[in-house]
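Chains as they are written, first to last, in my numbering: chain Z, 49 to 514; chain Y, 49 to 514.
Using N, Cα and C, we set each Cβ at its ideal position, and we do this for glycine too.
Protein chains: 2
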Amino acid sequence: MTELLRREPHVIAAGIELLAQAVERQDARVSRVDWAPPMPGTEADLVTVLADPRRARANADAVRRMLAVRAQLVDVTAAGPVLGLQAGEFLHAGPPISWDRASGPMRGALMGAAVFEGIAPDTEAAADMAANGYFRLDPCHHRGAVGPMAGVISPSMWVFVLEDPADGRRAYCSLNEGLGKVLRYGAYSPDVIERLRWMSAVLGPLLQAAVRRHGPVDITSILAAMVQMGDEAHNRNRAGTLMLLRDLLPSMAESGFAASEVADAARFIGGNDHFFLNLAMPACKLALDAARDIPGSTMVVAMARNGTDFGIQVSGTGDQWFTGPALVPSGLFLGGYGPADANPDIGDSAIAETAGLGGFAMAAAPAIVRLVGGTVASALASTQRMRQITLAEHPLLQVPALDFRGTPVGIDTTLVVRTGILPQINTGMAGKVAGTGQVGAGLVTPPAEVFPAALGALAAAALRDH
Amino acid sequence: MTELLRREPHVIAAGIELLAQAVERQDARVSRVDWAPPMPGTEADLVTVLADPRRARANADAVRRMLAVRAQLVDVTAAGPVLGLQAGEFLHAGPPISWDRASGPMRGALMGAAVFEGIAPDTEAAADMAANGYFRLDPCHHRGAVGPMAGVISPSMWVFVLEDPADGRRAYCSLNEGLGKVLRYGAYSPDVIERLRWMSAVLGPLLQAAVRRHGPVDITSILAAMVQMGDEAHNRNRAGTLMLLRDLLPSMAESGFAASEVADAARFIGGNDHFFLNLAMPACKLALDAARDIPGSTMVVAMARNGTDFGIQVSGTGDQWFTGPALVPSGLFLGGYGPADANPDIGDSAIAETAGLGGFAMAAAPAIVRLVGGTVASALASTQRMRQITLAEHPLLQVPALDFRGTPVGIDTTLVVRTGILPQINTGMAGKVAGTGQVGAGLVTPPAEVFPAALGALAAAALRDH
């Protein structure tokens, strides 16, 4: 001890920065250790859940089932019959929400969809009908579907049908409309409705004919190829879109449709770098649904936002949503838009991050910083940081720049609560006023409180079941 | 001095490693400095060329002209008329060569082309005719063209026509056949000839109709997009091929050709990740040709190999070739092939490296190490090392992983001679026995002696002109 006091002091600081700085101001050397206490008030639940004897095996099962899924595009078809949608019924992104709590872009998309379906003469009437309870709303996730941004799916829209050949399970997603003034960002002008009509009248049936002629398209393989081509499959889907075109175009040409329709469809898909997003998302949903309902598993199986609430679902707690207020992303804005124009986080597309893509795969897509902000170094760091809250590395999603190491996958509720590190999501930003459309793209996280809430339910289940 | 001897010695070592090791064995600290003497015997020529008062401005001109070029695909057409090729005349890769010095794959490709043209009944007869001087051979580069591997172009083959809209200059390249058993790798079996016939009868005319209907395709823009999608445009052309398909398929569908022919062509192009190589190469040729014939410029404007000799051309020395024996690449082999099966380096495709792509852009394409060998770190280092022998950074070829810094471009003969650093080329490997086809892919450099030879000619020109 006497010896220690004679030597120059070298202090190791963990936790809050204030203490390290106070020591530094006294000219002592400080080494900082990257440690933080668990999220406040979670200690008892953490002890209970970490002690659950089922946990390790349950999480291993969840990871194994998720990674075993192969997603194939097997059909394209009208949404109504396959999703059990009646007239006046609409699916939407995120956890359940009612019209009175719905954000601008969610309302705008519902109004546009009602006009598109012909059940409202105009958007004002649609808003009145919605406010008076004429429409039934249900989350996409409750019907095996996912939808980007507002995620509104109505009966006459067409959807991609993805299937895992191992067990025949399916997942669904609408067709991507492009960027800017589009329904999923809450726009509903006549050109938006017109485009939706063409998508249901021509694009959907043409893609149906092509997929049925071609046979299943291996979406999982395209995802694996994408992360070697600069895509992270949430806000960069350029290579994925091109590979889908490559696979389907010969069959589109031979589909019997008019050459001009084939050409129009090829131009529409080829002109929209995000077209593949609506295939990446249901592929992720299909993988994560395989890991649902495993007692004791703390793995997150869905993250989704309705523009008001951010919700997560966890394998060990069934269909229960744990929700908190959706945050506003920070990032880069289009044209004259700024932070004041942005709606809080919206869309089922965070299913990408839940499955090891998007913000978890940004090291594979450094060019994305030109869209969502940040630096190339921060994109690399984002992928590496997510390893601290995940259960596995994805064997198929190999990042060349990280010496082909897999992306981090399988968000563990206990790791999030213990480290305080929140999942990194990259996302488009919708204008908060209904009818606006896209205003930018950026980075966001879930509200922290959803993870302690989920942990509490896991702890209650552990105490109940054991 | 006395003080110096009292302190622990710290030696700075430059040049050969032997000296540094000798000092280390005596327990002294050694810091190594990355320095090497110029290539042996070049000192006098270096002094002359570096003192040439025209040099700085001439190289700045060469760089400016090269970087100003925009390459557009403006037509696809039969080679004979546009390249001035008569029956019995063949273009080939690399500097000039005669049949008696030609390597196996060069002979194999010429034999196959003669059968394809119908001027020889079979490949044995073709070899006899070639040996007896019936064929006229000329380098692609002498006709404004480039060809990968053997690079054989015969009159009935079809070629891409690229043009710089600023001055109407053109460059040409054959259509890519795919991998494995293909003519450019020296294979000549009946399926190879049959494929060439289909390419001239269907693929070429269909692409011609599509390009004429579509209008010019901006190849320079596709190259810029490729390096943000994991391609380096020599041995990875996946994204480039997909973007070409995206741009041309709508016009292919509307070309009036049968749907089955459109579908076959789309499958052929989409099934060959290297299809775009034959557009990247003439785009590079078009850029570099703009920098030719500038008195005093030491910039390399062509690197090309015929399978026997490696040749370079330099702006300040006109059409003169400086040649040395082509080296054998080291890399990875297909199937049961090994190093003993590989022919020395062959093809005009090193025009990619000459223009800042290929080995110079490997930092943009880390996944390429799975094809050509090496590590991700070595791919990054390769791009950075090339900065020591180049005059500029390409403003359009921005590498996201290097914070969007441009690829190194404009190889300077004096920098190569002064540093001893040789241009890094990545390349396919042909089997050395005629008829074999591809055996692998790997890394190679020019033979060192071509650079002192070019420097000598630059020095003679400097002394003569000044």
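Chain-ordered chain Y contacts of residue i [CB-CB under 9 Å]
i	result
Z/P387	Within 9 Å Cβ-Cβ: nothing; Z/P387 doesn't reach chain Y, min ~25 Å.
Z/G454	Ordered by position in chain Y, no residue passes the 9 Å Cβ test against Z/G454, which lies about 14 Å from the chain.
Chain Y contact residues for residue i, given Cβ-Cβ distances below 7 Å
i	result
Z/A415	Q276 and P448
Chain Y contact residues for residue i, given Cβ-Cβ distances below 8 Å
i	result
Z/M291	L290
Z/D215	Per Cβ cutoff of 8 Å: no residues; Z/D215 is ~30 Å from chain Y at best.
Alpha-carbon spacing of residue i relative to residue j, whole angstroms
i	j	result
Z/L297	Z/S308	13 Å
Z/L131	Z/G192	8 Å
Y/N283	Y/L380	13 Å
Z/Y182	Z/A249	26 Å
Y/V200	Y/F138	6 Å
Y/T125	Y/S303	16 Å
Z/N224	Z/D239	15 Å
Y/P203	Y/T475	26 Å
Z/P187	Z/S299	34 Å
Z/N107	Z/L121	28 Å
Z/P343	Z/L463	18 Å
Z/C221	Y/R245	44 Å
Y/R54	Y/R77	15 Å
Y/V348	Y/P494	12 Å
Y/G383	Z/V362	46 Å
Interface residues of chain Z facing residue i [CB-CB closer than 9 Å]
i	result
Y/L243	As written in the sequence, residue 243 of chain Y is Arg, which differs from the Leu given in the question. Within chain Z, no residue comes near Y/R243; the closest Cβ sits about 18 Å away, beyond 9 Å.
Y/E302	A307, S308, V310 and A311
Y/L511	What Y/L511 touches in chain Z: nothing, since even the nearest Cβ is about 48 Å away.
Y/P298	V310, A311, D312, A313, A314, R315 and G318
Burial state of residue i (16 or more Cβ within 10 Å)
i	result
Y/H58	exposed
Z/H190	exposed
Z/L94	buried
Z/T423	exposed
Y/G393	Here residue 393 of chain Y turns out to be Asp, not Gly, going by the sequence shown. Under this definition Y/D393 is a buried residue.
Z/A338	buried
Y/H294	Note that residue 294 of chain Y corresponds to Arg in the displayed sequence, not to His. With 16 or more other Cβ atoms within 10 Å, it is buried.
Y/T346	buried
Y/E280	buried
Z/A314	buried
Y/E401	buried
Z/A301	buried
Y/R340	buried
Y/L69	Note that residue 69 of chain Y is Gln in the sequence shown, not Leu. When all chains shown are included, Y/Q69 counts as exposed.
Y/L52	exposed
Z/W83	exposed
Chain Z contact residues for residue i, given Cβ-Cβ distances below 7 Å
i	result
Y/R294	L290, L293 and G318
Interfacial residues, the segment 310-334 of chain Y to chain Z, with Cβ spacing under 7 Å
The segment 310-334 of chain Y vs chain Z, Cβ under 7 Å: V310, A311, A314, R315 and G318.
Assess, as a yes-or-no matter, whether the segment 286-293 of chain Z is touched by the segment 259-274 of chain Z under the definition of 3 or more beta carbon pairs within less than 8 Å.
Look at the beta carbons and you see the segment 259-274 of chain Z touching the segment 286-293 of chain Z: at least three pairs across the two are nearer than 8 Å.
Three-pair Cβ contact test at 8 Å for the segment 391-404 of chain Y versus the segment 352-368 of chain Y:
The segment 391-404 of chain Y vs the segment 352-368 of chain Y: in contact.
Closer than 7 Å, Cβ to Cβ, to anything on chain Z: give me those residues from the segment 422-449 of chain Y, in chain order.
Taking 7 Å as the Cβ-Cβ cut-off against chain Z, the residues of the segment 422-449 of chain Y that qualify are V424, P448 and A449.
Along the segment 261-287 of chain Y, what residues have a CB closer than 7 Å to any CB found in chain Z?
Correct list: Q276, M277, G278, R286 and A287.
Answer yes if the segment 229-247 of chain Z comes into contact with the segment 147-166 of chain Z, meaning at least three C-beta pairs across the two stretches below 8 Å, and no otherwise.
Contact holds: three or more Cβ-Cβ distances are below 8 Å.
Using 8 Å as the threshold, is the segment 107-125 of chain Z in touch with the segment 51-67 of chain Y, meaning 3 or more CB pairs across them?
Segment contact: the segment 107-125 of chain Z against the segment 51-67 of chain Y, fewer than three CB-CB distances shorter than 8 Å; contact not assigned.
I'd like to know if the segment 168-184 of chain Z and the segment 429-439 of chain Z are in contact, where contact means that at least 3 CB-CB pairs between them fall below 8 Å.
No: the two stretches stay apart, fewer than three of their Cβ pairs being nearer than 8 Å.
Would you call the segment 374-388 of chain Z and the segment 479-493 of chain Z in contact, with 3 or more CB pairs under 8 Å?
The segment 374-388 of chain Z makes contact with the segment 479-493 of chain Z, as at least three CB pairs between them are under 8 Å.
What are the residues in the segment 451-477 of chain Y lying within 7 Å of chain Z by C-beta distance?
From the segment 451-477 of chain Y, only D451 have a Cβ closer than 7 Å to chain Z.
The segment 411-425 of chain Z contacting the segment 199-216 of chain Z, beta-carbon criterion three pairs below 8 Å
A contact is defined here as three or more CB-CB pairs under 8 Å, and the segment 411-425 of chain Z fails this definition with respect to the segment 199-216 of chain Z.
Quick test of the definition: if touching needs 3 or more C-beta pairs under 8 Å, does the segment 495-514 of chain Y touch the segment 453-472 of chain Y?
In short, these stretches touch, since the Cβ pair count reaches three.
Quick check: the segment 79-99 of chain Y against the segment 501-511 of chain Y, are there 3 or more CB pairs under 8 Å?
With a cut-off of 8 Å, the segment 501-511 of chain Y and the segment 79-99 of chain Y count as touching, because enough Cβ pairs lie within range.
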